[in-house]
Amino acid sequence: MKKEYLEGGKICTSHGVRGALKLEHLCDDASVLAKQKRVFFKTRDGKFEERRVKSASASGKFVLMSIEG
Numbered sequence: 000m001k002k003e004y005l006e007g008g009k010i011c012t013s014h015g016v017r018g019a020l021k022l023e024h025l026c027d028d029a030s031v032l033a034k035q036k037r038v039f040f041k042t043r044d045g046k047f048e049e050r051r052v053k054s055a056s057a058s059g060k061f062v063l064m065s066i067e068g
């Protein structure tokens, strides 16, 4: 089955009190995912929603990311 989107990371948990996300990256390096300006999240019904990245930083094997919405 051909996939429409390439998986780049997995949400582990929230981070801090401002709603940032802690993502485990599936890339060669965390900085690859941290450089993205937009990401797509798969919803429970199988559709994809685009979100703009407000800020992101690589932190070891994780990426801390704040998104709109």
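Following numbering that gives the first Met the number 0, the numbering of the sequence shown begins with 0 at its first residue and continues without gaps.
Using N, Cα and C, we set each Cβ at its ideal position, and we do this for glycine too.
Remember, it's a predicted structure, so these values are computed and weren't measured experimentally.
Beta-bridge pairing of LYS41 - partner residues as DSSP gives them: Bridge partners of LYS41: PHE47.
Classification of PHE61 by the beta-carbon crowding that lies within 10 angstroms, buried from 16 upward: Around the beta carbon of PHE61, 16 or more other beta carbons sit within 10 angstroms, so the residue counts as buried.
Within 7 Å, strictly: CB atoms of LYS36 and VAL52: Yes.
Per-residue DSSP class, three states only, for VAL62: Strand, per DSSP.
Residue from GLY8, ILE66, GLU48, LYS1 with nearest C-alpha to LEU25: Looking only at GLY8, ILE66, GLU48, LYS1, the smallest Cα-Cα distance to LEU25 is reached by GLY8.
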